[in-house]
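Heads up: the sequence shown is residues 78 to 531, going by the numbering used here. No residue lacks a Cβ here, since even glycine has one placed at the ideal position from N, Cα and C.
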Amino acid sequence: MIDPRALQSRRKFLGGLAAGALAGGAAPKFLSATERNRIHALVRQTHQSANDQVQLAVVGAGGMGMADVETALTVPGVKLVAVADCFDGRLEAARERYGRDLFTTRDYREVLARDDVDAVICGTPDHWHKKISVEALRAGKSVYCEKPMVHSIAQGGDVVRAQNESGKTFQVGSQGMSSLGNEKAKELLAAGKIGELNYAEGFWARNDPIGAWQYAIPDDASEKTVDWEMFLGDAPRKPYDPLRIFRWRNYRDYGTGVSGDLFVHLFSSLHFITSSLGPRKIMAQGGLRYWKDGREVPDILLGMFDYPETDVHPPFNLSLRVNFVDGTSGTTFLRLVGSEGAMDVTWTEVVLRRNKAVSPTDVFSQRKADEMDQGIEARKQMLPPAESIYMVEDGYMGAHFDHFMNFFRGVRDGSSVNEDAEFGLRAAAPALACNDSYFGEQVVSWDPVKMEVM
78 MIDPRALQSR RKFLGGLAAG ALAGGAAPKF LSATERNRIH ALVRQTHQSA NDQVQLAVVG
138 AGGMGMADVE TALTVPGVKL VAVADCFDGR LEAARERYGR DLFTTRDYRE VLARDDVDAV
198 ICGTPDHWHK KISVEALRAG KSVYCEKPMV HSIAQGGDVV RAQNESGKTF QVGSQGMSSL
258 GNEKAKELLA AGKIGELNYA EGFWARNDPI GAWQYAIPDD ASEKTVDWEM FLGDAPRKPY
318 DPLRIFRWRN YRDYGTGVSG DLFVHLFSSL HFITSSLGPR KIMAQGGLRY WKDGREVPDI
378 LLGMFDYPET DVHPPFNLSL RVNFVDGTSG TTFLRLVGSE GAMDVTWTEV VLRRNKAVSP
438 TDVFSQRKAD EMDQGIEARK QMLPPAESIY MVEDGYMGAH FDHFMNFFRG VRDGSSVNED
498 AEFGLRAAAP ALACNDSYFG EQVVSWDPVK MEVM
């Protein structure tokens with residue numbers, strides 16, 4: 078989750094360490110107590126090569142939609158054949174970028190009707206996610222839908238049913254899900270490296286206009302170049318307003334606020350790492366503190382979540398924060414805290430910190446150790462590393478690439494994906510419930526098994 082540039086100072090420090098030593102095969106080096114760190118490389122062992130070409134289309138050619146396209150096209154055997162968007166400027170930009178023979182249209186239904194389209198990226202505003210995903214699945218297309226999967230919790234069941242009935246591959250585009258960082262954190266938690274999980278926290282900080290969704294308004298945007306009715310879809314009728322289409326995240330009719338945009342990433346990663354189905358109680362507070370530009374959603378939001386005990390994890394609590402007016406940094410993290418240690422997780426790095434080998438609460442073990450030490454000087458112990466660092470190697474293609482690799486593998490061979498519709502709903506629902514809690518000033522109860530608001 079943290080920008081890889083933030084790792085440069087650490088990489089420079091590590092530059093002198095030999096690869097063989099990192100792998101543990103070199104002669105041991107004795108470290109002082111303050112240097113008891115171990116650095117391990119995170120490696121993607123294999124990537125599936127393309128067996129046959131996947132013909133790709135995108136509906137919603139804005140910033141995230143086209144970022145998805147660019148990443149998807151780095152996967153071997155993927156070709157872009159069609160683009161749909163309600164703004165002519167984006168269609169022209171797509172033709173300039175990918176070729177004049179590219180099929181473009183304002184009407185997404187023309188894309189879904191094409192026989193040469195195997196898979197569709199849904200990169201539209203949130204209020205279109207459910208409709209386009211369901212229609213694409215019913216048209217026999219596999220779907221990569223940007224997060225959150227739906228605009229409201231009530232829409233989730235329709236997407237789950239459409240995926241199950243179609244038999245096609247459906248992946249929610251929370252791009253950090255398939256990262257090496259998440260995979261390593263899942264492995265470490267399952268191995269008991271932090272003991273019993275009791276608390277987790279996540280944080281997104283931004284401090285610039287683009288991060289706060291103040292996107293540029295194209296000079297050529299007008300009622301002639303924008304299909305305003307297509308943009309609105311099922312949303313309430315409003316007169317043409319370029320702010321609503323190009324800064325749609327600020328408006329509840331089209332977006333889902335900071336929780337739907339950012340909390341959902343943290344839920345996706347946390348649920349993947351812990352194998353959790355989600356929280357049962359959700360509460361959010363915050364406010365509009367700085368970006369008073371007509372937006373309808375808060376720029377600071379705090380969420381608290383209660384996770385019940387299940388067969389795969391103990392009960393634990395989660396706190397999440399988003400701050401769009403952070404004057405000190407622009408970063409994000411996810412931290413899992415257990416009875417014997419903690420780990421900070423990003424898409425490219427995991428930092429594991431552990432307590433001493435013997436717990437001070439283990440009275441029996443301590444008493445036996447004291448008995449053995451009577452009359453002699455206690456022998457010094459070999460302590461485990463106080464901190465272990467797992468980071469990706471240079472050349473790692475990134476979490477976004479990994480998520481598309483996971484998607485296209487499913488498209489080609491029918492294998493399961495990391496974030497299907499059920500997983501996507503269980504990640505989206507607590508994020509969307511934060512909006513219900515914030516605007517309704519209430520605690521929301523959620524059944525993560527039945528996927529229903531209680």
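In angstroms with no decimal places, state the Cα-to-Cα distance between residue i and residue j.
i: Ala505; j: Val131; result: 28 Å
i: Leu91; j: Met459; result: Low per-residue confidence applies at Leu91: pLDDT is 39, beneath 50, and the placement is therefore not dependable enough to give any value.
i: Gly380; j: Arg398; result: 6 Å
i: Glu173; j: Ser492; result: 35 Å
i: Ala98; j: Glu260; result: Low local confidence applies: a pLDDT of 35 at Ala98 is under 50, so the model's placement there is unreliable, with the coordinate-based value given in what follows. Going from the Cα of Ala98 to the Cα of Glu260 covers about 23 Å.
i: Gly102; j: Glu470; result: In this prediction, Gly102 has a pLDDT of 37, which is less than 50 and means its spatial position is unreliable; nothing more can be read from the coordinates.
i: Val158; j: Gly250; result: 20 Å
i: Ile198; j: Gly142; result: 7 Å
i: Phe74; j: Ser522; result: This structure cannot speak to residue 74, because the chain is shown only from 78 to 531.
i: Met360; j: Asp193; result: 46 Å
i: Val227; j: Val494; result: 18 Å
i: Trp540; j: Leu378; result: The chain is shown only over 78 to 531; residue 540 falls outside these bounds and no answer can be derived.
i: Ala510; j: Val520; result: 9 Å
i: Ser299; j: Val374; result: 25 Å
i: Asp304; j: Gly200; result: 17 Å
i: Glu518; j: Gly501; result: 25 Å
i: Pro316; j: Ser210; result: 27 Å
i: Ala96; j: Val414; result: Residue placement at Ala96 is poorly supported in this model, since its pLDDT is 36, which falls under 50; the coordinates are not used for a value here.
i: Phe393; j: Glu278; result: 11 Å
i: Leu365; j: Asp338; result: 16 Å
i: Gly334; j: Lys457; result: 55 Å
i: Ser243; j: Arg314; result: 32 Å
i: Met307; j: Asp162; result: 9 Å
i: Met474; j: Val146; result: 15 Å
i: Gln240; j: Ile322; result: 29 Å
i: Gly363; j: Asp376; result: 8 Å
i: Gly140; j: Ala170; result: 12 Å
Could you say which of the options lies nearest to residue i if we only look at CA atoms?
i: Gln248; options: Pro507, Val488, Gly337, Gly176; result: Val488
i: Ala134; options: Val220, Glu373, Ile377; result: Val220
i: Glu264; options: Ile350, Val197, Thr302, Asp297; result: Ile350
i: Pro525; options: Gly355, Ala498, Arg238; result: Gly355
i: Ala213; options: Glu169, Lys245, Lys224; result: Lys245
i: Lys270; options: Met420, Asp497, Trp424; result: Met420
i: Lys207; options: Tyr467, Ile230, Val188; result: Ile230
i: Pro385; options: Asn275, Asp195, Gly140, Ala267; result: Asn275
i: Ile116; options: Arg486, Tyr473, Arg430, Val530; result: Arg430
i: Gly272; options: Glu417, Glu464, Ser514; result: Glu417
i: Ala118; options: Ile466, Glu496, Asp497, Arg329; result: Ile466
i: Ala196; options: Gly154, Asn327, Val237; result: Gly154
i: Ala476; options: Ser514, Arg486, Thr425; result: Thr425
i: Glu499; options: Val237, Glu464, Met468; result: Val237
i: Asn432; options: Glu464, Gly371, Thr405; result: Glu464
i: Tyr185; options: Trp205, Gly176, Ala171; result: Trp205
i: Gly310; options: Asp513, Arg183, Val160; result: Arg183
I'd like the list of long-range same chain contacts for residue i, defined as Cβ closer than 6 Å, with 5 residues on each side in sequence excluded.
i: Ala100; result: For Ala100, the predicted structure reports a pLDDT of 36, less than 50, and the residue's modelled location is therefore unreliable. A value from the coordinates is still provided. The answer is none, since no qualifying residue turns up.
i: Pro295; result: Gly166
i: Glu325; result: The residue asked about is misnamed: residue 325 is Trp in this sequence, not Glu. Only Pro202, Tyr331, Gly332 meet the Cβ criterion.
i: Gln232; result: Lys207
i: Ala104; result: The predicted position of Ala104 is uncertain, since its pLDDT is 39 and thus under 50; a value taken from the coordinates is nonetheless stated next. Once the five neighbours on either side are set aside, Ala104 has no close Cβ partner at all.
i: Leu411; result: Gly279, Leu343, Ser346, Val422
i: Phe164; result: Val303
i: Val427; result: Gly258, Lys261, Ala262, Met420, Tyr467
Exposed or buried, which one is residue i when buried takes at least 16 other CB atoms within 10 Å?
i: Ala138; result: buried
i: Ala293; result: exposed
i: Pro286; result: exposed
i: Lys224; result: buried
i: Ser352; result: exposed
i: Thr181; result: buried
i: Asp388; result: exposed
i: Pro507; result: buried
i: Thr423; result: buried
i: Ala268; result: exposed
i: Asp497; result: buried
i: Gly253; result: buried
Among the residues of its own chain, which have a CB less than 8 Å from the CB of residue i, if the five just before and after it don't count?
i: Asp479; result: Arg121, Ser255, Ser256, Leu257
i: Ala216; result: Leu189, Ala190
i: Gly404; result: Asn284
i: Asp391; result: What sits at residue 391 in the sequence shown is Pro, not Asp. Correct list, in chain order: Glu273, Leu274, Asn275.
i: Asp178; result: none
Starting from the C-beta of residue i, find all residues in its chain whose C-beta is less than 7 Å away, skip the five residues before and the five after it, and write them out in chain order.
i: Arg503; result: His348, Leu354, Gly355, Pro525, Met528
i: Phe484; result: Tyr221, Thr246, Gln248, Val494
i: Phe481; result: Thr148, Ala149, Val152
| field | 4-residue-minimum alpha helix (DSSP H) runs that sit fully inside the segment 296–328, ordered along the chain | value | 305–309, 319–323
| query | Which whole runs of the alpha helix (DSSP H) in the segment 182–252 are 4 residues long or more, in chain order? | reply | 185–189, 206–215, 233–243
| message | Suppose only complete runs of 3+ residues qualify. What are the beta strand (DSSP E) ranges in the segment 450–510, listed by chain order? | response | 464–469
| query | At what residue ranges does the segment 393–433 contain a whole run of the beta strand (DSSP E), taking only runs of 3 or more? | reply | 393–400, 409–415, 418–422, 426–431
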